[in-house]
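What follows is a short report on a single structure.
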Ligand code: SAM
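Numbering (our numbering), first residue to last: 83 to 422.
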């Protein structure tokens, strides 16, 4: 079954945030030390996530990514992965993690049936990592990345949010490091999402500039021709090394976006920038059967007209999406709640 929205985009890709908590305080995502956290009793149990995934799969979802907050903080995560990996309709089951707890968990994640791992790695320099994340766990992240390969994972990705004056002098360093893992780098343009309260356009390094800098270093770079709804445009260096750029800020991919997001407490969002979501936990806990849940999700997607990143691009004066005071009132507007 394929359910399409008003622009013909299929419901296919579900990102599930398993916790809003995080063990880093990245300047571009969670710059405050304290937050208003989701009440524990409202977090979906693994069986509840499994049930919702069944309904989503019946409506066409075939890719799930676990995220957060920091997903590895969710206790006993491999048990959820086992539940999801057993679903024949899912052809891709991945996780996005900051890597801090990966060294301990990589083998268990692989044993549970996880397909792929993406690690956020914004810098190779420990002091810079501490300045950016306000934690001194850089060595643990690097150990975590090594553990992913040792555990037998392939198709590993390293995501770097590129910020002017912060880490934009490390593009080639990251490509060189990724070769040794081995992993593929994704350079992400700094986005003005909820939570990025220190965002400004002058800190964004756009795709064109990244390519220009990398061409100066490596010589000719060729776009990889492929049909895909994946957010990254991929490029190849002369020696065959491939990397991606996610140009959400300067060249949004809304027209192909097949993603929606489920928060740890069961709110479903159709866009990273959406102001409102649909509560699925309430009906689920009130005893709704699969058809009743599907009858919330199906029309929700069919009426989808979100093109959040394009709407932001059209603005003349761009400033952070949501102010701190409003984020405190409604933590669902935070990137770390919604799951990046
Ligand atoms: N804690 C995990 C991690 O660090 O990968 C998963 C959650 S994190 C919110 C998911 C992704 O969102 C990360 O790759 C992070 O770099 C990205 N992200 C967060 N804030 C961003 C921003 N303002 N612009 C671009 N990407 C951002």
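Note that the Cβ used here is the ideal one computed from N, Cα and C, for glycine as well.
Taking only the alpha-carbon atoms, compute the straight-line gap between residue i and residue j and give it to the nearest angstrom.
i, j, result
"residue 310", "residue 293", "20 Å"
"residue 425", "residue 259", "Because the chain is modelled from 83 through 422, residue 425 falls outside the range shown and cannot be assessed."
"residue 414", "residue 250", "30 Å"
"residue 295", "residue 202", "21 Å"
"residue 283", "residue 400", "7 Å"
"residue 375", "residue 103", "27 Å"
"residue 356", "residue 333", "18 Å"
"residue 210", "residue 144", "38 Å"
"residue 190", "residue 385", "40 Å"
"residue 326", "residue 369", "43 Å"
"residue 244", "residue 106", "17 Å"
"residue 85", "residue 217", "43 Å"
"residue 125", "residue 185", "26 Å"
"residue 349", "residue 397", "27 Å"
"residue 267", "residue 115", "29 Å"
"residue 146", "residue 273", "22 Å"
"residue 127", "residue 257", "38 Å"
"residue 150", "residue 164", "18 Å"
"residue 383", "residue 255", "41 Å"
"residue 227", "residue 263", "7 Å"
Would you decide whether residue i is buried or exposed? Buried here means 16 or more other CB atoms lie within 10 Å of its CB.
i, result
"residue 299", "exposed"
"residue 304", "exposed"
"residue 187", "buried"
"residue 313", "buried"
"residue 406", "exposed"
"residue 200", "buried"
"residue 404", "buried"
"residue 418", "buried"
"residue 301", "exposed"
"residue 422", "buried"
"residue 387", "exposed"
"residue 179", "buried"
"residue 289", "buried"
"residue 121", "exposed"
"residue 83", "exposed"
"residue 50", "What is shown of the chain runs 83 to 422, which leaves residue 50 out entirely."
"residue 416", "buried"
Candidates the options: which alpha carbon is nearest residue i's?
i, options, result
"residue 238", "106, 421, 197", "197"
"residue 88", "168, 157, 339, 348", "339"
"residue 287", "165, 262, 253, 263", "253"
"residue 219", "204, 379, 362", "204"
"residue 174", "380, 96, 362", "96"
"residue 364", "85, 90, 123", "123"
"residue 395", "316, 379, 330, 387", "330"
"residue 322", "337, 235, 306", "306"
"residue 236", "265, 214, 130", "265"
"residue 342", "308, 389, 214", "389"
"residue 98", "347, 358, 383, 372", "347"
"residue 168", "157, 139, 158", "139"
"residue 195", "170, 360, 136, 285", "170"
"residue 275", "378, 391, 215", "391"
Which whole-angstrom value is the C-beta distance of residue i and residue j, which I expect to be below 8 Å?
i, j, result
"residue 93", "residue 132", "Rounded, the Cβ-Cβ distance is 18 Å, inconsistent with contact."
"residue 177", "residue 270", "With a Cβ gap of about 17 Å, residue 177 and residue 270 do not count as contacting."
"residue 234", "residue 192", "6 Å"
"residue 110", "residue 278", "5 Å"
"residue 351", "residue 408", "Incorrect: roughly 16 Å between the Cβ atoms, too far for contact."
Notebook entry, point to check: Which runs of the beta strand (DSSP E) spanning at least 3 residues fall entirely within the region 234-276, listed in chain order?
Noted result: 239-244, 266-271
Note to self: In chain order, what are the residue ranges of uninterrupted beta strand (DSSP E) at least 3 long that sit wholly in the region 98-181?
What the structure shows: Within the region 98-181, the runs of beta strand (DSSP E) at least 3 residues long that lie entirely inside it are, in chain order, 145-149, 174-179.
Checklist line | Complete beta strand (DSSP E) runs within the region 343-368 (minimum length 3 residues, chain order) | finding: 349-351
Next item on the list: Identify every run of the alpha helix (DSSP H) within the region 177-230, keeping only runs that are complete inside it and at least 4 residues long; order them along the chain.
Entry: Here the runs fully enclosed are 184-194, 208-215.
Note to self: For a minimum of 3 consecutive residues, which ranges assigned as the beta strand (DSSP E) are wholly contained in the region 268-328?
What the structure shows: 303-305, 315-319, 324-328
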